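What follows is one structure encoded as structure tokens, with my remarks underneath.
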Amino acid sequence: MYNPVSAKWFRFILFITFSVPLLVHSAQSQVKILILGDSLSAGYGLELQDAWASQLDRATPDWQIINASISGDTTQGGLNRLPKLLQQYQPDYVFIELGGNDGLRGFQLPVIKQNLIQLVQLTLKNGAKPILAEIKIPPNYGQRYLKIFIEQYQQIADQFAIPLIPFFIEEVAVNPELMLKDGIHPNLDAQAIIAEHMKKQFSKVIEG
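For the record, in the sequence shown the residue sitting at position 57 is 57 according to UniProt numbering, with numbers rising by one throughout.
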């Protein structure tokens, strides 16, 4: 005998059976990008949701942007934090945006370079793909220090054959109207510009 109640339950079970895997697949298909940075990515002086990384996350449904940036962070600080972040989020990519605070404080260049190398190695060891951000700083400690500081990013990218994104706030840093009064950090108006720029940069890496 036909039982309409049983038929409804059967259709419901079929719906759940075929729908849930699709939902799981959709979540798993997102590309996860971990941003390991300092104040330039943390949105210094702004609300977290206004930072370029948060804006990029909202604008790219196929990507999950995990912003683990902390204002004032150094390469050593990032190295201390990265293992837990990798375990917690299991990202596909790690955008390493560190070194600026090291340079502004005059840290020894070999130490900065070694920390960056370890960040790359740790990322690779955990099955994620590193993306290195070139960093530029004011010549507080002379042109020789500045030259070596900047060159180390290209050297590391070449050593590990990983993508190097040129100084990602270059476009806004030259415009005082897009910077805070300190002349170092991008303001609110700059965040959307940076987000669009980084969307293009990440797309190049992800799409090959």
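Glycine included, C-beta positions come from ideal geometry on N, C-alpha and C. From a predicted model like this one, the values you see are computed outputs, not experimental measurements.
Residues near Leu-82 in its chain [Cβ-Cβ closer than 8 Å; skip 5 each side]
Leu-36, Val-94, Leu-119, Leu-122, Thr-123
Can you give the Cα-Cα distance for Tyr-145 and Pro-139, rounded to whole angstroms?
8 Å
Other residues of its chain near Leu-116: CB distance less than 8 Å, five sequence neighbours each side excluded:
Thr-75, Ile-96, Leu-98, Gly-99, Leu-132, Gln-152, Tyr-153, Ile-156
Tell me which residue opens and which closes the beta strand (DSSP E) that residue 277 is part of.
Limits of the chain in this structure are 1 at one end and 208 at the other, which puts residue 277 out of reach.
Residue nearest to His-185 in terms of C-alpha spacing, selected from Leu-34, Ser-41, Ser-29, Val-31
Ser-41
Exposed or buried, Asn-101, counting other C-beta atoms within 10 Å across all chains shown (16 or more means buried)?
buried
Going straight from the alpha carbon of Leu-178 to that of Asp-38, what length do you get?
18 Å
Under three-state DSSP, which class holds Pro-130?
strand
Neighbourhood of Ala-190 by C-beta distance below 6 Å, restricted to the same chain and skipping five residues each side:
Val-172, Leu-178
Could you work out which residue in Gly-43, Glu-207, Val-31 is closest to Tyr-89 when comparing CA atoms only?
Val-31
Rounded to the nearest angstrom, what separates Asn-67 and Gly-45 at their Cα positions?
16 Å
Close beta carbons around Ile-148, own chain, < 6 Å, minus the five adjacent residues each side
Leu-109
Presumed contact (8 Å Cβ cut-off) between Trp-52 and Ile-194, rounded CB distance
4 Å
For Tyr-141, I'd like the list of residues in its chain whose CB is within less than 6 Å of its CB, leaving aside the five on either flank, ordered along the chain.
Gly-106
Nearest-angstrom Cβ-Cβ length linking Phe-167 and Lys-204, presumed shorter than 8 Å
The Cβ separation is near 16 Å, so there is no contact.
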